[in-house]
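Enquirer: After the structure tokens below, expect a handful of questions from me.
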Amino acid sequence: MIWTLVTFVPVLLLRLYIELLGTMLRNLQFMFVGSKHFSREAYDKASKTFDKSILERRLDGKVCVVTGANQGLGLACSQALAKCGATLYMVCRNAERGQKAVQGVQDKTGNPNVHLRLCDVSSVKSILGLVAELDKPGSKIDVLVQNAGVLLNEPQKSEDGYDLNFATNMLGPYILTRLLEGVLKRSAPSRVIFVSSGGMLTQPLDVDVQKAPSARGYDGTALYARDKRRQVAVAERLAELWNDSGVKVLSMHPGWATTEGVRKSIPGFYKFYQDKFRDPEQGADTIAYLALEDEDKLVPGGFYLDRAPQAKHLSMGGTQYSKSELDRLMANLDSMVSQVLEKHKDTAQQQT
Ligand SMILES: NC(=O)c1ccc[n+]([C@@H]2O[C@H](COP(=O)([O-])OP(=O)(O)OC[C@H]3O[C@@H](n4cnc5c(N)ncnc54)[C@H](OP(=O)(O)O)[C@@H]3O)[C@@H](O)[C@H]2O)c1
């Protein structure tokens with residue numbers, strides 16, 4: 015017993031120490047990279063080389079769906095796509111806020127083909143309702159923007175009993191993408207764009223999606239970044255799986271952009287770095303670019319910032335993962351989706 019303690023306690027302490035040091039290094043490098051590349055100044059610099067005409071292209075006859083569309087980046091992206099003439103479905107969870115946003119986009123762009131679709135992406139029942147509306151015989155989706163997201167600092171449960179950060183940022187967008195697979199493939203060439211976050215650079219890939227976070231020591235920022243890392247990984251794998259079907263799957267980071275979400279979720283960080291933050295339109299520029307750029311110019315599974323694919327890992331991050339870890343993540347998510355859909359099979363049947 016005593017020998018076990020003498021041998022294992024120092025090894026355990028050393029491992030903890032190395033892990034802590036790794037996290038500190040990663041966070042430090044993240045702040046350095048963030049100040050340099052995620053800021054308004056970085057956008058101003060990068061945008062000097064942008065082909066401005068891309069956002070002037072026409073999307074008449076194309077169907078675009080944007081989740082979390084009533085404010086922030088989702089609203090800015092909706093405006094950009096509606097301006098190009100897209101038939102646009104703005105997916106919002108609140109009817110009043112959603113209707114106001116739809117009206118605003120119609121008024122600003124003069125595009126009458128802008129519609130509200132109600133859905134709480136953290137609720138499986140609500141997602142099933144949205145899928146039934148979007149995937150009807152003869153319907154199509156050319157661009158799906160998975161933008162809705164939250165960073166909650168206090169533990170909360172979703173309607174289905176999952177951690178609410180996870181249900182909103184990972185499970186919901188994943189189920190929605192999987193359930194829209196048929197219509198996306200029918201509409202090919204089509205695109206799915208995950209609005210992830212550079213914050214994901216601070217987290218390794220955690221494939222264990224079933225493990226619920228404990229309420230004690232709940233770290234909303236880390237959980238948010240963990241799901242944003244998963245989004246990038248899922249985009250990478252779906253891009254491979256769906257490439258031959260003509261569905262391009264991409265992920266992106268908007269940079270640091272001033273929105274209600276940021277003000278509410280990370281007030282300290284926002285206050286400190288406020289001057290470095292971009293406008294929502296600048297944050298949404300790459301989302302609109304990914305919807306409008308020529309097929310052959312986009313890297314499937316790429317993680318974009320300021321219209322260019324970026325490294326998915328910090329050089330000192332130690333966050334690289336193997337193909338088998340990626341496959342395990344997908345298998346775990348698919349099994350969770352099957353379980354949760356089984357619980358909702360009555361709702362699904364009513365809607366078919
Ligand atoms: N702003 C940044 O600097 C930044 C940086 C990196 C990544 N991002 C990502 O960008 C995306 C947009 O964020 P934002 O900054 O624009 O934040 P935001 O202003 O809070 O907007 C988030 C949008 O998502 C909606 N939403 C949240 N939970 C939802 C749910 N369960 N069902 C349906 N809609 C839901 C919100 O609707 P309500 O109005 O009803 O709450 C809102 O419309 C997020 O995925 C975020 O992680 C932002």
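Just so you know, we're using this note's numbering here: the sequence shown kicks off at 15 and counts up by one. Ideal placement from N, C-alpha and C gives every residue a C-beta, glycine not left out.
Quick one: what does DSSP say D220 is sitting in, helix, strand or coil?
Expert: In the sequence shown, residue 220 corresponds to position 206, counting from 1. It is coil, neither helix nor strand.
Enquirer: Going by the beta-carbon positions, is the gap between N125 and A90 smaller than 9 Å?
Expert: In the sequence shown, residue 125 corresponds to position 111, counting from 1. In the sequence shown, residue 90 corresponds to position 76, counting from 1. No, the Cβ-Cβ distance between N125 and A90 is not below 9 Å.
Enquirer: How would you call R72, buried or exposed, if buried means at least 16 neighbouring beta carbons within 10 angstroms?
Expert: Counted from its first residue, the sequence shown places residue 72 at position 58. So R72 ends up on the exposed side.
Enquirer: Any idea what DSSP makes of T81, helix, strand or coil?
Expert: Walking along the sequence shown from the start, residue 81 turns up at place 67. Correct three-state label for T81: strand.
Enquirer: Counting Cβ pairs closer than 8 Å, one from the stretch 97 to 110 and one from the stretch 132 to 141, do we hit at least three?
Expert: yes
Enquirer: Tell me which residue opens and which closes the beta strand (DSSP E) that Y318 is part of.
Expert: For the purposes of this step, residue 318 is identified with residue 304 of the sequence shown, where counting begins at 1. Element bounds for Y318: 317 to 319.
Enquirer: Which stretch, first to last residue, makes up the beta strand (DSSP E) that contains F208?
Expert: The count along the sequence shown starts at 1 and reaches residue 208 at position 194. Here the beta strand (DSSP E) through F208 covers 204 to 209.
Enquirer: Would the C-beta of F291 count as close to ligand 1, meaning under 8 Å from any of its heavy atoms?
Expert: Position 277 of the sequence shown, counting from 1, holds the residue named residue 291. Result yes, Cβ under 8 Å from ligand 1.
Enquirer: Give every residue of the same chain whose Cβ lies closer than 6 Å to the Cβ of L158, excluding the five residues on either side of it in the sequence, and list them in chain order.
Expert: Position 144 of the sequence shown, counted from the start, is the residue given in the question as residue 158. Cβ neighbours of L158 beyond the five flanking positions: V79, V206.
Enquirer: DSSP on S329, reduced to helix/strand/coil?
Expert: By one-based count along the sequence shown, residue 329 stands at place 315. Collapsing the DSSP output to three states places S329 in coil.
Enquirer: Between which two residues does the beta strand (DSSP E) harbouring M214 extend?
Expert: Walking along the sequence shown from the start, residue 214 turns up at place 200. Premise fails: M214 is in no beta strand (DSSP E) and is neither H nor E.
Enquirer: Check whether the Cβ of K139 lies closer than 8 Å to any heavy atom of ligand 1, and answer yes or no.
Expert: On the sequence shown, residue 139 is found 125 positions in, with the first residue counted as 1. No, ligand 1 has no heavy atom inside 8 Å of this Cβ.
Enquirer: Got a sec, what are the start and stop residues for the alpha helix (DSSP H) C91 sits in?
Expert: Start at 1 with the first residue of the sequence shown, and residue 91 comes out as number 77. From DSSP, the alpha helix (DSSP H) with C91 extends over 86 to 97.
Enquirer: Y287 to Y176, Cα distance in whole Å?
Expert: Here residue 287 corresponds to residue number 273 of the sequence shown, with the count starting at 1. Here residue 176 corresponds to residue number 162 of the sequence shown, with the count starting at 1. When rounded, the distance between both Cα atoms is 32 Å.
Enquirer: Since L355 is in the beta strand (DSSP E), which residue starts that stretch and which ends it?
Expert: Mapped onto the sequence shown, residue 355 falls at position 341. It is not in any beta strand (DSSP E) - L355 instead sits in the alpha helix (DSSP H) that spans 337 to 357.
Enquirer: So, using beta-carbon positions, are H51 and L319 closer together than 9 Å?
Expert: On the sequence shown, position 37 is the one that residue 51 refers to. On the sequence shown, position 305 is the one that residue 319 refers to. Yes; because the gap between Cβ atoms is below 9 Å, this pair is in contact.
Enquirer: Would the stretch 268 to 288 count as touching the stretch 327 to 342 if we require 3 or more Cβ pairs under 8 Å?
Expert: no
Enquirer: Check each candidate in L35, Q93, D348, L328 and name the one with the smallest Cα separation from M214.
Expert: Residue numbering aside, residue 214 sits at position 200 when the sequence shown is read from its first letter. By alpha-carbon distance to M214, the top candidate from L35, Q93, D348, L328 is L328.
Enquirer: Ligand 1 and H51: does the residue's C-beta get closer than 8 Å to at least one heavy atom of that ligand?
Expert: For the purposes of this step, residue 51 is identified with residue 37 of the sequence shown, where counting begins at 1. No, since every heavy atom of ligand 1 falls outside the 8 Å radius drawn around the Cβ of H51.
Enquirer: Quick check: does the Cβ of D134 come within less than 8 Å of any heavy atom belonging to ligand 1?
Expert: Counting from 1 along the sequence shown, the entry for residue 134 is found at position 120. Because some heavy atom of ligand 1 lies under 8 Å away, the Cβ of D134 counts as near it: yes.
Enquirer: Which same chain residues, not among the five before or five after V313, have their C-beta less than 6 Å away from its C-beta?
Expert: On the sequence shown, position 299 is the one that residue 313 refers to. Excluding positions up to five away in sequence, the list reads P323.
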